[in-house]
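Enquirer: Read top to bottom, the protein sequences are chains A, B and C.
Last residue of the first sequence: 491 (my numbering), numbering continuous.
Last residue of the second sequence: 491 (my numbering), numbering continuous.
Last residue of the third sequence: 491 (my numbering), numbering continuous.
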Amino acid sequence: MALLHPDRLFPADAATRAIAQRLYREIKALPIVSPHGHTDPAWFANNEPFSNPSALLIQPDHYVFRMLCSQGIRLEDVGVPTRDGTPVETDPRKIWRLLARNWHLFRGTPSRMWLDHVFEEVFGISERLNEANADAAYDHIDACLKRPEFLPRALFERFNIEVIATTESPVDTLPHHARLANDPWQTARGNKRVVTAYRPDPVVDPDFGGFAANVDKLGELTGENTRTWAGYLAAHRQRREYFKSMGATSTDHGHPTARTADLSAAEAEALFNRVIAGSAGRDDAELFRAQMLTEMARMSIDDGLVMQIHPGSVRNHSPQVLARFGRDKGFDIPGRTDYVNALKPLLDRFGMEPRLSIILFTLDETSYSRELAPLAGVYPCLKLGPAWWFHDAPEGMRRFREMTTETAGFANTVGFNDDTRAFLSIPARHDVARRIDCSFLARLVAEHRIDEDEAHDLAHDLTYRLAKEAYRL
Amino acid sequence: MALLHPDRLFPADAATRAIAQRLYREIKALPIVSPHGHTDPAWFANNEPFSNPSALLIQPDHYVFRMLCSQGIRLEDVGVPTRDGTPVETDPRKIWRLLARNWHLFRGTPSRMWLDHVFEEVFGISERLNEANADAAYDHIDACLKRPEFLPRALFERFNIEVIATTESPVDTLPHHARLANDPWQTARGNKRVVTAYRPDPVVDPDFGGFAANVDKLGELTGENTRTWAGYLAAHRQRREYFKSMGATSTDHGHPTARTADLSAAEAEALFNRVIAGSAGRDDAELFRAQMLTEMARMSIDDGLVMQIHPGSVRNHSPQVLARFGRDKGFDIPGRTDYVNALKPLLDRFGMEPRLSIILFTLDETSYSRELAPLAGVYPCLKLGPAWWFHDAPEGMRRFREMTTETAGFANTVGFNDDTRAFLSIPARHDVARRIDCSFLARLVAEHRIDEDEAHDLAHDLTYRLAKEAYRL
Amino acid sequence: MALLHPDRLFPADAATRAIAQRLYREIKALPIVSPHGHTDPAWFANNEPFSNPSALLIQPDHYVFRMLCSQGIRLEDVGVPTRDGTPVETDPRKIWRLLARNWHLFRGTPSRMWLDHVFEEVFGISERLNEANADAAYDHIDACLKRPEFLPRALFERFNIEVIATTESPVDTLPHHARLANDPWQTARGNKRVVTAYRPDPVVDPDFGGFAANVDKLGELTGENTRTWAGYLAAHRQRREYFKSMGATSTDHGHPTARTADLSAAEAEALFNRVIAGSAGRDDAELFRAQMLTEMARMSIDDGLVMQIHPGSVRNHSPQVLARFGRDKGFDIPGRTDYVNALKPLLDRFGMEPRLSIILFTLDETSYSRELAPLAGVYPCLKLGPAWWFHDAPEGMRRFREMTTETAGFANTVGFNDDTRAFLSIPARHDVARRIDCSFLARLVAEHRIDEDEAHDLAHDLTYRLAKEAYRL
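1. If you measure beta-carbon to beta-carbon, which residues of the segment 445–479 of chain A are closer than 8 Å to chain B?
2. Pick helix, strand or coil for residue 358 of chain C, following the three-state DSSP scheme.
3. In terms of alpha-carbon separation, which member of C:473, C:479 and C:482 lies closest to residue 34 of chain C?
4. Residues in its own chain within less than 8 Å of residue 98 of chain A by CB, not counting five upstream and five downstream?
5. Over the uninterrupted beta strand (DSSP E) stretch that includes residue 180 of chain B, give me the two end residues.
6. Using a Cβ-Cβ distance cut-off of 8 Å, determine whether residue 391 of chain C contacts chain A.
7. Grab the span of the alpha helix (DSSP H) containing residue 39 of chain B for me, first residue to last.
8. Could you check whether the Cβ of residue 187 of chain A sits closer than 8 Å to any Cβ belonging to chain C?
9. For residue 279 of chain A, which residues from the same chain have a beta carbon less than 7 Å from its beta carbon, with the 5 sequence-adjacent residues on both sides left out?
10. Relative to the C-alpha of residue 139 of chain C, which residue among C:94, C:159, C:219 and C:388 is closest?
11. For residue 250 of chain C and residue 233 of chain C, which I take to be in contact (beta-carbon distance under 8 Å), what is that distance rounded to the nearest angstrom?
12. Let me check understanding here. Comparing Cα to Cα, which of C:220, C:127 and C:287 lies closest to residue 186 of chain C?
13. On a CA-only basis, which of B:481, B:382, B:289 and B:21 is nearest residue 143 of chain B? Give me that one, please.
14. Kindly list the residues whose CB is nearer than 8 Å to the CB of residue 395 of chain A, restricted to its own chain and excluding five residues on each side of it in sequence; keep chain order.
15. Helix or strand or just coil, what does DSSP make of residue 319 of chain B?
16. Taking C-beta pairs closer than 8 Å, name the residues in chain B that residue 370 of chain A reaches, listed in chain order.
17. Which whole-angstrom value describes the C-beta separation of residue 476 of chain B and residue 491 of chain B, a residue pair presumed to lie in contact below a C-beta threshold of 8 Å?
18. Any beta carbon of chain B sitting closer than 8 Å to that of residue 45 of chain C?
19. From the DSSP output, which residues share a beta bridge with residue 325 of chain B?
20. At a CB-CB cut-off below 8 Å, which residues of chain B make contact with residue 362 of chain A?
21. Taking all protein chains shown into account, do 16 or more other C-beta atoms lie within 10 angstroms of the C-beta of residue 178 of chain C, making it buried, or fewer, making it exposed?
22. Does DSSP classify residue 402 of chain B as helix, strand or coil?
23. Return the CA-CA distance between residue 116 of chain C and residue 338 of chain B, expressed in angstroms with no decimal places.
24. Please check the pair residue 361 of chain B and residue 276 of chain B, which I expect to be a contact at CB under 8 Å, by giving their CB distance rounded to whole angstroms.
25. Residue 84 of chain B versus chain A: which residues are under 7 Å apart at the beta carbon?
26. For residue 315 of chain A, tell me which candidate among A:132, A:269, A:340 and A:58 has the shortest Cα-Cα distance.
27. Compare the C-beta of residue 420 of chain B against all C-beta atoms of chain C and say whether one is closer than 8 Å.
28. Rounded to whole angstroms, what is the Cα-Cα separation between residue 383 of chain B and residue 336 of chain B?
29. In chain C, which residues lie less than 7 Å from residue 488 of chain A when you measure between Cβ atoms?
30. Look at the alpha carbon of residue 181 of chain A and the alpha carbon of residue 448 of chain A, and state the distance between them as a whole number of angstroms.
31. Going along the chain, which unbroken runs of the beta strand (DSSP E) with 3 or more residues stay wholly within the segment 170–232 of chain A?
32. Could you check whether the Cβ of residue 263 of chain B sits closer than 8 Å to any Cβ belonging to chain C?
33. Within this structure, are the beta carbons of residue 352 of chain A and residue 385 of chain A separated by less than 8 Å?
34. Verify the CB distance criterion: does residue 324 of chain C have a CB-CB separation below 8 Å to chain A?
35. Kindly indicate if chain A contains any beta-carbon less than 8 Å away from that of residue 424 of chain C.
36. Hey, would you say residue 350 of chain B sits closer than 8 Å to residue 333 of chain B, going by beta carbons?
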């Protein structure tokens with residue numbers, strides 16, 4: 019019995035399913051456009067084998083280890099590296115068995131679907147993971163990873179990825195992208211295959227670990243005096259140009275809130291001086307992030323980089339886990355997020371600028387129908403990113419369409435983002451999105467709300483065209 | 019191929035659809051009761067032809083032009099009138115073609131359904147709008163509008179409207195309603211066909227443009243000294259009586275929040291004095307609106323007008339658009355809205371008064387199951403208005419029923435409001451509501467949660483009886 | 019025609035329904051585990067007949083009388099007892115007729131389903147209640163209640179209840195549980211059948227009526243000086259042990275918010291001193307409740323009682339109703355509830371403690387996908403209680419699963435709570451939960467998101483195993 023049913027995620031109703039099948043058939047083989055994610059550019063630059071099944075599929079996947087942790091399994095036992103020297107499990111086979119023994123926990127979660135897809139489509143495994151077959155699965159995957167057809171570039175091509183964006187800090191020198199720039203593989207099919215994106219949080223967020231040092235490093239990289247407001251802004255402009263030369267078409271902003279500000283130049287400079295002097299309190303830090311979104315919008319109008327705003331995560335909720343394991347360990351919890359007031363200063367200033375394009379994301383689904391769809395449904399500069407993070411799953415994607423389409427339509431959305439560091443799961447994630455979009459469209463057709471020819475057009479838009487256009491790829 | 023499928027909006031599941039068809043068959047021809055809306059009473063009083071297709075169907079429809087705007091089309095090019103002298107497109111045919119060229123943007127939106135209904139049911143067009151047929155459609159509709167059977171009264175009768183409420187300001191002298199009062203058409207079928215509703219925002223909201231002048235005008239109209247609290251209240255009472263003589267059975271309150279207050283007479287008078295002197299700040303303005311809801315409730319207990327509260331819109335979000343185009347240009351964005359604390363002062367005072375009836379609306383769907391259904395499910399004076407504005411669409415209506423019925427039942431809701439200035443879309447909007455309600459009821463029957471005879475009763479209630487009773491029509 | 023269709027609440031789609039039927043068939047006869055509720059332990063200790071149909075089924079049921087109240091029926095006429103001496107209807111037959119006359123109001127509500135289940139399954143009535151058959155139904159039920167097979171213990175066994183928890187205050191001496199401890203019926207099937215739960219709100223919440231007197235009573239019962247912080251805490255520990263001896267495995271906390279605090283011992287003591295001196299303001303009262311959740315967590319780590327937190331109800335919204343009828347009269351209205359910040363102090367302190375187990379509930383459905391599932395999906399001490407109160411109904415339960423499963427899975431939920439004082443409705447409520455869970459699982463199977471053998475496992479977990487394990491029963 020296969021792990022993946024050909025009709026998975028399609029509606030149960032036979033008539034609607036038949037429509038979904040027809041829609042999906044036309045778009046399932048379209049290339050993957052991955053305009054926002056967190057894969058490691060070194061993989062594509064160096065094209066070296068992945069190390070082992072656990073290091074590839076379990077240890078870096080916060081969806082996976084957070085579920086294990088929720089059921090009382092210590093992160094140390096999953097081999098999540100510690101920064102305080104606490105010893106962790108180092109035998110990848112033991113970690114693999116731990117996952118197999120707890121595989122039932124993932125029933126009904128996207129991790130289960132993504133991993134099943136990886137097992138079957140990438141590695142040809144067709145038996146549900148369990149304790150009895152855990153070792154065999156491990157050995158099989160491990161053996162595969164040593165073969166050339168499982169090298170990063172081979173998988174990239176097998177996955178039919180047209181373009182993928184990674185995400186880097188302004189103080190990253192982009193060595194892997196630079197190396198790719200001189201590699202014929204990068205443009206063998208025409209445009210660049212691997213591009214970067216400008217994520218300035220480390221030099222924009224005063225609460226980011228090492229902020230001041232990062233700003234100094236930004237100065238070193240650019241030759242600007244980033245201890246002055248003018249030099250700091252000039253350094254951003256310079257790095258943005260460099261990122262553009264490495265293929266970047268977008269910036270990304272992961273702030274705790276969506277707050278923006280539009281201070282006078284003098285106020286902004288004074289604020290920067292307090293912030294860089296380390297004398298800024300919580301309010302100043304928030305105001306600085308807010309002002310910087312507006313500064314970034316101003317630069318985007320000039321250089322054409324599309325802005326992505328990913329707000330609303332209370333990061334590192336557990337100080338114990340942060341102390342032992344560091345950032346991005348599954349303890350980021352969403353909070354309520356306001357957009358209608360938060361974005362107003364930026365929109366008051368630049369909301370009607372034809373060259374500006376901002377893609378909004380949310381972890382607070384209540385904002386879909388109340389704020390985001392009404393905003394994106396009228397402001398020419400605003401578009402809605404797809405269901406994000408915890409909501410990047412069938413039910414979450416369905417709610418996204420149900421709560422945004424009537425007000426914002428489809429054209430104010432931007433297709434799918436896989437937003438992942440789990441490279442092997444990328445085809446799985448795109449496939450889920452394609453199936454859910456086809457299912458939503460099929461329901462509209464079955465309920466005679468659109469015609470089937472329109473649904474075919476839209477399925478193509480949602481799968482391919484919107485992502486290319488919205489991200490200017 | 020027709021634009022409208024006879025089974026549109028019914029559930030895809032065949033058994034459920036068959037139930038929905040049976041329910042709908044019994045209620046589809048019931049008269050339209052339109053207890054809240056924004057049509058122009060001049061149309062019915064003067065019965066003059068509508069001017070042209072674009073002036074009728076595009077330029078005044080904020081749902082339509084906001085979507086075009088969101089995709090970078092300038093409101094000037096849609097012919098939306100400016101107040102700062104900026105020239106706008108004046109050729110209605112060019113505006114029509116603009117819509118036709120962008121018709122795909124409306125896929126999945128209620129505008130598409132409403133306009134398709136108008137095209138097919140009102141004008142007999144059965145081909146989907148596109149650039150190629152745009153001119154023919156324009157010419158056909160334009161020709162129709164010149165014929166007597168497309169005059170406002172003829173359409174009113176063809177639409178089978180039993181009664182429609184318009185919405186007017188206290189300083190409106192209601193000349194069209196007065197003219198109708200002497201016209202046999204107004205009562206040819208018994209009760210009045212066109213009634214007004216009392217919307218005091220311009221004289222109740224200190225932030226409303228021209229507030230002080232409006233209050234003075236209220237004084238002139240009533241002979242009361244509206245610069246005093248007592249005179250101001252007396253003027254309201256007098257105008258409410260006048261509105262009642264013009265058929266009004268309801269008031270309507272479009273405040274930024276649902277906040278109410280219950281000040282002592284002395285506090286209220288002092289507040290009024292600050293407000294009318296122009297020395298009120300933001301807090302005073304909000305408090306005055308809050309107090310006035312309670313004052314309006316007090317008057318409603320005396321004169322029997324039903325209160326409608328439509329809170330939660332952040333109006334005129336873009337100052338640029340407000341400056342150029344004025345109010346109601348699609349830039350009103352919902353915000354989070356609290357009811358449980360906001361309404362408490364009013365409810366503490368009058369919540370158990372048998373004569374009081376308040377219909378609550380929301381743009382914040384999170385309040386449906388959390389606050390509104392629990393409040394309306396216990397307070398005898400509270401009822402829930404239908405899914406409003408951005409939520410007046412199939413998915414929004416479905417969520418309204420799914421999130422309110424288990425706690426508030428059906429009897430604490432009030433049927434449908436079209437709430438529109440787009441007269442021709444009224445049958446379309448009521449038809450959508452009827453189909454969605456029948457679909458929801460059909461699901462309850464199919465899941466054996468109610469019996470089919472009960473669903474028939476309820477379908478009739480939701481279509482006709484509840485609106486008549488709740489609005490005391 | 020029967021009141022209850024065998025396929026009620028299953029999805030209409032035939033293929034999905036067939037799966038739901040198969041799942042339900044395997045679990046419908048499993049014993050009822052009722053780990054949280056409000057039945058009267060005197061019923062089981064004394065085993066005396068219930069008095070009459072209205073006193074049993076209407077007068078104590080706030081779901082029923084709040085709906086009647088919402089439609090203008092006075093609570094006095096429903097026989098709800100007053101505390102201010104206002105006379106109320108005392109003829110149970112008249113009260114019964116009132117319900118029968120208004121039976122249509124309950125269409126689509128859970129009360130209708132629960133009562134229909136009671137009528138048919140408990141009393142063998144198969145005709146829908148109406149005015150014509152009201153007296154016959156009354157007489158039939160009344161006659162039944164006089165028969166031995168309708169005594170509380172007989173019904174307990176007929177309902178196949180394995181264990182039921184009641185909820186008591188620390189100052190309750192638990193006389194009925196003590197009596198049961200010496201009654202062979204209590205352990206005739208092995209473990210205790212009726213257990214208590216520790217609900218300390220009356221001695222933890224400074225805003226609770228009679229707080230200071232309750233704390234004094236706590237001192238008398240324990241011999242501790244509860245006017246000191248140390249004595250107060252020691253008294254809690256002592257009462258928790260006593261409750262454990264009466265079978266308690268859990269505590270329950272019904273605070274207005276989910277706020278927690280982690281004060282130093284000195285700060286906590288000073289706060290307690292202010293609170294017990296009656297000099298605490300609103301902020302102190304809230305802070306004290308917050309600190310006490312953390313104190314209770316500390317005690318739970320020691321004694322193993324599972325914590326339940328039921329936050330977010332604005333209790334006694336109408337002061338008029340509170341004055342006349344007292345607490346718990348249907349006028350408790352949910353408000354917005356934050357968890358991500360509120361729980362942080364407690365979680366920062368004890369969030370990774372392996373012995374701690376906290377079950378979170380909400381009346382604010384927006385927290386399901388935004389806060390609760392992400393929290394429970396990573397913190398080992400957190401689990402999610404089922405859809406609560408207004409949401410304990412088919413649509414609410416469905417939303418609970420749809421909005422929590424993808425992030426928290428099933429294993430971080432705890433099965434069903436009936437949470438009721440309406441003893442006869444307990445089988446109805448569990449049956450609704452079982453049917454909705456089977457329907458949700460059936461959809462996952464039909465959409466090929468899990469396999470059917472997994473769904474069978476999960477149906478068993480959700481019905482039985484998770485409740486036993488999560489509540490340590």
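We put the CB at the ideal spot given by N, CA and C, even for glycine.
Expert: Here's the rundown:
1. Residues 461, 462, 464, 465, 466, 467, 468, 469, 472, 475 and 476.
2. What you label residue 358 of chain C is simply residue 340 of the third sequence in a count that begins at 1. Reduced to three states, the DSSP call for residue 358 of chain C is coil.
3. Numbered from 1 along the third sequence, position 16 holds the residue referred to as residue 34 of chain C. Taking only the C-alpha atoms, the option nearest residue 34 of chain C is C:473.
4. Taking the first residue of the first sequence as 1, we reach residue 98 of chain A at position 80. Excluding residues within five positions, the ones whose Cβ falls inside 8 Å are 77, 83, 106, 343 and 347.
5. Here residue 180 of chain B is taken as the residue at index 162 of the second sequence, counted from 1. That run of the beta strand (DSSP E) goes 179–183.
6. Numbered from 1 along the third sequence, position 373 holds the residue referred to as residue 391 of chain C. Between residue 391 of chain C and chain A, the shortest Cβ-Cβ separation is below 8 Å.
7. Here the question's residue 39 of chain B lines up with position 21 in the second sequence. Unbroken alpha helix (DSSP H) run through residue 39 of chain B: 32–45.
8. As a first step, residue 187 of chain A must be located in the first sequence, where it is residue number 169. It does not: the Cβ of residue 187 of chain A has no partner Cβ on chain C nearer than 8 Å.
9. Here residue 279 of chain A refers to the residue found at position 261 when the first sequence is read from its first residue. Once the five neighbours on either side are set aside, the close Cβ partners of residue 279 of chain A are 305, 308, 309, 312 and 363.
10. Counted from its first residue, the third sequence places residue 139 of chain C at position 121. For residue 139 of chain C, the nearest C-alpha among the options comes from C:159.
11. By one-based count along the third sequence, residue 250 of chain C stands at place 232. By one-based count along the third sequence, residue 233 of chain C stands at place 215. Between the beta-carbon of residue 250 of chain C and that of residue 233 of chain C there is about 7 Å, and that keeps the pair under the 8 Å contact cut.
12. On the third sequence, residue 186 of chain C is found 168 positions in, with the first residue counted as 1. It is C:220 whose Cα lies nearest to the Cα of residue 186 of chain C.
13. Within the second sequence, numbered from 1, the residue matching residue 143 of chain B stands at position 125. Ranking the options by Cα distance to residue 143 of chain B, first place goes to B:21.
14. As a position in the first sequence, residue 395 of chain A is number 377, starting the count at 1. Annotation for residue 395 of chain A: 425, 426, 427 and 430 place their beta carbon closer than 8 Å to its own, counting only its chain and skipping 5 residues before and after.
15. Along the second sequence, one-based indexing puts residue 319 of chain B at 301. Correct three-state label for residue 319 of chain B: helix.
16. Here residue 370 of chain A corresponds to residue number 352 of the first sequence, with the count starting at 1. Chain B residues near residue 370 of chain A: 336, 338 and 339.
17. To locate residue 476 of chain B, count along the second sequence from 1; it is residue 458. To locate residue 491 of chain B, count along the second sequence from 1; it is residue 473. That pair is no contact at about 20 Å.
18. Within the third sequence, numbered from 1, the residue matching residue 45 of chain C stands at position 27. Output row for residue 45 of chain C: interface = no.
19. By one-based count along the second sequence, residue 325 of chain B stands at place 307. For residue 325 of chain B, the pairing in a beta bridge is given by DSSP as B:269 and B:376.
20. Working through the first sequence from its first residue, we reach residue 362 of chain A at position 344. Per Cβ cutoff of 8 Å: 335.
21. For this step, residue 178 of chain C is matched to residue 160 along the third sequence. With fewer than 16 Cβ atoms within 10 Å of its Cβ, residue 178 of chain C is classed as exposed.
22. Your numbering for residue 402 of chain B matches position 384 in the second sequence. For residue 402 of chain B, the three-state secondary structure derived from DSSP is strand.
23. Counting from 1 along the third sequence, the entry for residue 116 of chain C is found at position 98. Counting from 1 along the second sequence, the entry for residue 338 of chain B is found at position 320. Across the structure, residue 116 of chain C and residue 338 of chain B are spaced so that their CA atoms are roughly 59 Å apart.
24. As a first step, residue 361 of chain B is located in the second sequence; it is residue number 343 there, counting from the start. As a first step, residue 276 of chain B is located in the second sequence; it is residue number 258 there, counting from the start. Between residue 276 of chain B and residue 361 of chain B the Cβ distance is about 6 Å, and since that is below 8 Å, they are a contact.
25. Within the second sequence, numbered from 1, the residue matching residue 84 of chain B stands at position 66. The answer, in chain order, is 395 and 396.
26. By one-based count along the first sequence, residue 315 of chain A stands at place 297. Per the Cα distances, A:269.
27. Position 402 of the second sequence, counted from the first residue, corresponds to residue 420 of chain B. Cβ-Cβ to chain C under 8 Å: yes for residue 420 of chain B.
28. In the second sequence, the residue the question calls residue 383 of chain B occupies position 365. In the second sequence, the residue the question calls residue 336 of chain B occupies position 318. Roughly 23 Å between the two C-alpha positions.
29. As a first step, residue 488 of chain A is located in the first sequence; it is residue number 470 there, counting from the start. Going along chain C, no residue has its Cβ under 7 Å from residue 488 of chain A, so there is no contact; the nearest lies around 25 Å.
30. As a position in the first sequence, residue 181 of chain A is number 163, starting the count at 1. As a position in the first sequence, residue 448 of chain A is number 430, starting the count at 1. The straight-line gap from Cα to Cα measures roughly 13 Å.
31. List check, beta strand (DSSP E) in window: 179–183.
32. For this step, residue 263 of chain B is matched to residue 245 along the second sequence. Taking a beta-carbon distance threshold of 8 Å, residue 263 of chain B does not count as an interface residue toward chain C.
33. The sequence position of residue 352 of chain A within the first sequence is 334, counting from 1. The sequence position of residue 385 of chain A within the first sequence is 367, counting from 1. Not closer than 8 Å, so no.
34. Along the third sequence, one-based indexing puts residue 324 of chain C at 306. So, not an interface residue.
35. For the purposes of this step, residue 424 of chain C is taken as residue 406 along the third sequence, with counting starting at 1. Cβ-Cβ to chain A under 8 Å: yes for residue 424 of chain C.
36. In the second sequence, counting from the first residue as 1, residue 350 of chain B sits at position 332. In the second sequence, counting from the first residue as 1, residue 333 of chain B sits at position 315. Residue 350 of chain B is a Cβ neighbour of residue 333 of chain B, given a cutoff of 8 Å.
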